[in-house]
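> Structure provided below as structure tokens; questions to follow.
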Amino acid sequence: MKIISVVGARPNFMKIAPFIRAIGKYNQINTSNERIQHVLVHTGQHYDERMSNTFFKELDIPEPDVNLEVGSGSHAEQVGLTMIAFEKVLLKERPDWVVVVGDVNATLACSVTAKKELVKCCHIEAGLRSHDISMPEEINRMVTDRMSDLLLTPDKMSSENLRNEGEPENSIVFVGNIMIDTLEYLREKATKIDFNNILEVNALLENEDRLKFFSKIKDYGLITMHRPSNVDDEQILEAILNWYVDDATERIPLIWPIHPRTVKQIEQFGLWNKLIACRNLLLLKPIGYLDMLRLNMGAKIMLTDSGGLQEECCVLGTPFLTLRWNTERPITLTENGGAGFLVGNNISNIKRDFDLIMNQNRNPKRPKLWDGNTADRCLNAIVNFK
Ligand code: UD1
Numbered sequence: 047m048k049i050i051s052v053v054g055a056r057p058n059f060m061k062i063a064p065f066i067r068a069i070g071k072y073n074q075i076n077t078s079n080e081r082i083q084h085v086l087v088h089t090g091q092h093y094d095e096r097m098s099n100t101f102f103k104e105l106d107i108p109e110p111d112v113n114l115e116v117g118s119g120s121h122a123e124q125v126g127l128t129m130i131a132f133e134k135v136l137l138k139e140r141p142d143w144v145v146v147v148g149d150v151n152a153t154l155a156c157s158v159t160a161k162k163e164l165v166k167c168c169h170i171e172a173g174l175r176s177h178d179i180s181m182p183e184e185i186n187r188m189v190t191d192r193m194s195d196l197l198l199t200p201d202k203m204s205s206e207n208l209r210n211e212g213e214p215e216n217s218i219v220f221v222g223n224i225m226i227d228t229l230e231y232l233r234e235k236a237t238k239i240d241f242n243n244i245l246e247v248n249a250l251l252e253n254e255d256r257l258k259f260f261s262k263i264k265d266y267g268l269i270t271m272h273r274p275s276n277v278d279d280e281q282i283l284e285a286i287l288n289w290y291v292d293d294a295t296e297r298i299p300l301i302w303p304i305h306p307r308t309v310k311q312i313e314q315f316g317l318w319n320k321l322i323a324c325r326n327l328l329l330l331k332p333i334g335y336l337d338m339l340r341l342n343m344g345a346k347i348m349l350t351d352s353g354g355l356q357e358e359c360c361v362l363g364t365p366f367l368t369l370r371w372n373t374e375r376p377i378t379l380t381e382n383g384g385a386g387f388l389v390g391n392n393i394s395n396i397k398r399d400f401d402l403i404m405n406q407n408r409n410p411k412r413p414k415l416w417d418g419n420t421a422d423r424c425l426n427a428i429v430n431f432k
């Protein structure tokens, strides 16, 4: 059997790493004619050292066999360029399966191209729905699931979403959350990383005094924010930044590994000077997986609009606010047994639930099958697909 698996952007890397390891294990115990031939394709949507290469090294992902080098661009440009380039790869390699993960532009582009070439497609992390079509990722999720022959879901709510959309029962397999495989695999290693070293190596700006202050703090909060709904609108972004600077940092020092897209928007809206003047806020460059895991393990709270971090906070027990109006991962919310609160980008909501989580202790939650063994179940479902 020949499988092409696809990655494109940062959140894909922690999902593909355990899958590739599962193929390695499978090949060790099977005879040569049953072995899986694997081809890794990187679409090149993320290409920086810090947004891509670091993750390949830390997560032990082999060098991609093919890099489509699509780079940055509009959604149509990224999707179109990926489809054109990926079609050529499919014609050359003629795989039995294309495996896509997550919800980025690479996921959509390669699932559509695979189906047009009559290649079976498997989606790992199928069935997540925010029901908000203004999110580019929601379009990617819906189209990818529609194209996929095999839909591997992280939780039962996602399986239910697919049933409600009329997907046939034999295409839906509940396998658990593959990102948690990576978390469990690297948990031990991350605990050993020195906190101060992370701050020193990754500080965005040179500021001795601030690093000295942060080296002595006991509690801290973490921020990540890059969604267009939070960073592309000047008024929304300004209100959130003002709250960080004038209010939140008065209560707890905040560490913010900042996404390149967010930096660009803050600069464009002229909000940079106020932000960097805030003494209780430390900006970091985008950090690697292990450093993020280490910071998350020690954080008192997390403020985020990321998808994956909501899941990691749940398993680590970090109380968190999701700075969005909806989530495709409702299982991470306290009302469904998780550790988070949905607050959107309305400052009075944020303030109210910030007070709530500041008084909470770490309380790890583990949804069913988020056990570190999801990748084996994914491969098993592919190999046994009828
Ligand atoms: C993409 C995903 C999003 C995911 C996020 C994680 C889609 C639709 N969106 O959004 O789901 O949560 O990745 O990071 O696929 N840039 C760099 N270096 C890079 C790549 C990008 O500096 O290696 C900058 C570019 O200026 C680019 C901007 O970041 O314009 C945004 O990158 P892009 O790939 O368009 O989307 P993300 O916002 O990262």
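Every position in the sequence shown, counted from 1, becomes a number in the numbering used here once 46 is added. All C-beta atoms in this analysis are idealised placements derived from N, C-alpha and C, irrespective of residue type, glycine included.
Please look up how many angstroms separate the CB atoms of V291 and C324, rounded, as I've assumed it's under 8 Å.
For the purposes of this step, residue 291 is taken as the residue at position 245 of the sequence shown. For the purposes of this step, residue 324 is taken as the residue at position 278 of the sequence shown. Yes, V291 and C324 are in contact; Cβ-Cβ is about 4 Å, under 8 Å.
> Per the contact definition of three or more C-beta pairs closer than 8 Å, is the segment 299–310 in contact with the segment 318–333?
Yes: the two stretches touch, three or more of their Cβ pairs being nearer than 8 Å.
> Check the C-beta distance from L329 over to L250 and give it rounded, since I have them as a contact under 8 Å.
Within the sequence shown, the letter at position 283 stands for residue 329. Within the sequence shown, the letter at position 204 stands for residue 250. Confirmed, Cβ separation roughly 4 Å.
> If we call anything under 8 Å between Cβ atoms a contact, is E234 one with K61?
Reading the sequence shown from its first residue, position 188 is the one you call residue 234. Reading the sequence shown from its first residue, position 15 is the one you call residue 61. Not in contact: E234 and K61 (Cβ atoms no closer than 8 Å).
> Drop a sphere of 10 angstroms on the beta-carbon of N248, count the other beta-carbons inside from all chains shown, and report buried for 16 or more, exposed for fewer.
For this step, residue 248 is matched to residue 202 along the sequence shown. When all chains shown are included, N248 counts as buried.
> For L114, which residues in the same chain have their Cβ closer than 8 Å to its Cβ, ignoring the five residues on either side in sequence?
Start at 1 with the first residue of the sequence shown, and residue 114 comes out as number 68. These residues qualify, in order along the chain: V87, H88, T89, G90, L127, T128, A131, F132 and V135.
> Determine the contact status of G384 and K414, defining contact as a CB-CB distance below 8 Å.
One-based indexing of the sequence shown puts residue 384 at position 338. One-based indexing of the sequence shown puts residue 414 at position 368. Going by C-beta atoms, G384 is not nearer than 8 Å to K414.
> What residue from Y231, F220, D191 and D201 has the CA that sits closest to G212's CA?
Within the sequence shown, residue 212 is the residue found at index 166, counting from 1. G212 has its Cα closest to that of D191, out of Y231, F220, D191 and D201.
> With a threshold of 7 Å on Cβ separation, who are the neighbours of P376 within its own chain once the five nearest residues in sequence on each side are excluded?
As a first step, residue 376 must be located in the sequence shown, where it is residue number 330. Excluding sequence neighbours, P376 sits near M203 and N382.
> Less than 7 Å separating the Cβ of N186 from some heavy atom of the ligand UD1?
Locating residue 186 in the sequence shown gives position 140, counting from the first residue. Answer for N186: yes, Cβ within range of the ligand UD1.
> Secondary structure at C424, three-state DSSP: helix, strand or coil?
Against the sequence shown, residue 424 aligns to sequence position 378. Looking at C424 - three-state DSSP - the assignment turns out to be helix.
> Around the ligand UD1, which residues pass a check of Cβ closer than 5 Å to any of its heavy atoms?
Selection output, chain order preserved: A55, R56, Q91, H92, Y93, D94, M97, S118, V150, N151, P182, E183, P306 and R307.
> Which stretch, first to last residue, makes up the beta strand (DSSP E) that contains L268?
Position 222 of the sequence shown, counted from the start, is the residue given in the question as residue 268. Where L268 is concerned, the enclosing beta strand (DSSP E) stretches over G267 to T270.
> By DSSP, does F132 sit in helix, in strand, or in coil?
In the sequence shown, residue 132 corresponds to position 86, counting from 1. Of the three classes helix, strand and coil, the one that applies to F132 here is helix, per DSSP.
> Give a yes or no on whether the C-beta atoms belonging to S217 and L197 are separated by under 8 Å.
By one-based count along the sequence shown, residue 217 stands at place 171. By one-based count along the sequence shown, residue 197 stands at place 151. Yes, they are a contact pair.
> From the DSSP output, which residues share a beta bridge with A249?
Within the sequence shown, numbered from 1, the residue matching residue 249 stands at position 203. A249 is bridged to L330.
> Thinking C-alpha only, which one of R340, T373, C424 and R96 is nearest L362?
As a first step, residue 362 is located in the sequence shown; it is residue number 316 there, counting from the start. Of the candidates R340, T373, C424 and R96, the one whose C-alpha sits nearest the C-alpha of L362 is R340.
> Could you tell me which residues DSSP pairs with N113 in its beta bridges?
Here residue 113 refers to the residue found at position 67 of the sequence shown. DSSP, once it has assigned bridges, lists H88 as partnering N113.
> Can you name, in chain order, every residue of its own chain whose Cβ lies under 7 Å from the Cβ of P365, other than the five neighbours on each side?
Numbered from 1 along the sequence shown, position 319 holds the residue referred to as residue 365. Closer than 7 Å at Cβ, skipping near neighbours: I347, A385, I403 and Q406.
> Which residue or residues does DSSP assign as beta-bridge partners of P303?
Counted from its first residue, the sequence shown places residue 303 at position 257. Its beta-bridge partners are L330.
> Just to check my reading of the structure: R56 and M97 have Cβ atoms closer than 8 Å, yes? What is that Cβ distance to the nearest angstrom?
Residue mapping note: residue 56 aligns to position 10 of the sequence shown, counting from 1. Residue mapping note: residue 97 aligns to position 51 of the sequence shown, counting from 1. Indeed, because the Cβ distance is near 5 Å, the residues count as touching under 8 Å.
> Going by beta carbon distance, what residues of the same chain come within less than 7 Å of Y72, once the five residues before and after it are set aside?
Here residue 72 refers to the residue found at position 26 when the sequence shown is read from its first residue. Counting only Cβ-Cβ distances below 7 Å, and skipping sequence neighbours, we find I82 and L425.
> Output yes or no for whether 8 Å exceeds the beta carbon distance between C156 and V52.
Walking along the sequence shown from the start, residue 156 turns up at place 110. Walking along the sequence shown from the start, residue 52 turns up at place 6. In contact: C156 and V52 (Cβ atoms closer than 8 Å).
> Can you check the segment 313–389 for any alpha helix (DSSP H) of at least 4 residues that lies completely inside it and give the ranges in chain order?
Counting only runs of 4 or more, we get 318–323, 335–344 and 353–362.
> Going along the chain, which unbroken runs of the beta strand (DSSP E) with 3 or more residues stay wholly within the segment 156–234?
Counting only runs of 3 or more, we get 166–170, 196–199 and 218–220.
> What do you reckon, are the CB atoms on T368 and T380 nearer than 8 Å?
For the purposes of this step, residue 368 is taken as residue 322 along the sequence shown, with counting starting at 1. For the purposes of this step, residue 380 is taken as residue 334 along the sequence shown, with counting starting at 1. Against a cut-off of 8 Å, the Cβ pair of T380 and T368 comes out as no contact.
> Using DSSP bridges, identify the partner residues of W416.
Position 370 of the sequence shown, counted from the first residue, corresponds to residue 416. Per DSSP, none; premise fails for W416.
> Can you list, in chain order, the residues of its chain with a C-beta nearer than 8 Å to that of I185? Leave out the 5 residues immediately preceding and following it.
Numbered from 1 along the sequence shown, position 139 holds the residue referred to as residue 185. Closer than 8 Å at the Cβ level, and outside the excluded window around I185, lie L154 and I179.
> Does the beta-carbon of S433 have 16 or more other beta-carbons within 10 angstroms, so that it is buried, or is it exposed?
As displayed, the chain neither begins before 47 nor continues past 432, which places residue 433 out of reach and without an answer.
> Whole angstroms is fine: what's the gap from D149's alpha carbon to T270's?
The residue given as residue 149 occupies position 103 in the sequence shown. The residue given as residue 270 occupies position 224 in the sequence shown. Cα to Cα, D149 sits roughly 18 Å from T270.
> With distance defined between alpha-carbon atoms, name the residue in G222, E183, L164 and N210 nearest to S194.
As a position in the sequence shown, residue 194 is number 148, starting the count at 1. Of G222, E183, L164 and N210, the residue nearest in Cα terms is L164.
> For V146, which option in K138, T159 and T295 has the closest C-alpha, if you only look at C-alpha atoms?
Here the question's residue 146 lines up with position 100 in the sequence shown. Residue T159 is the option with its Cα nearest to V146.
> So is L105 buried or exposed if we call it buried at 16+ other beta carbons inside 10 Å?
Counted from its first residue, the sequence shown places residue 105 at position 59. Buried, by the Cβ-count rule.
> Who are the near neighbours of N242 in its chain, counting only those whose CB is closer than 6 Å to its CB and skipping five residues on each side?
The residue you call residue 242 lines up with position 196 of the sequence shown. Same-chain partners within the cutoff: S261.
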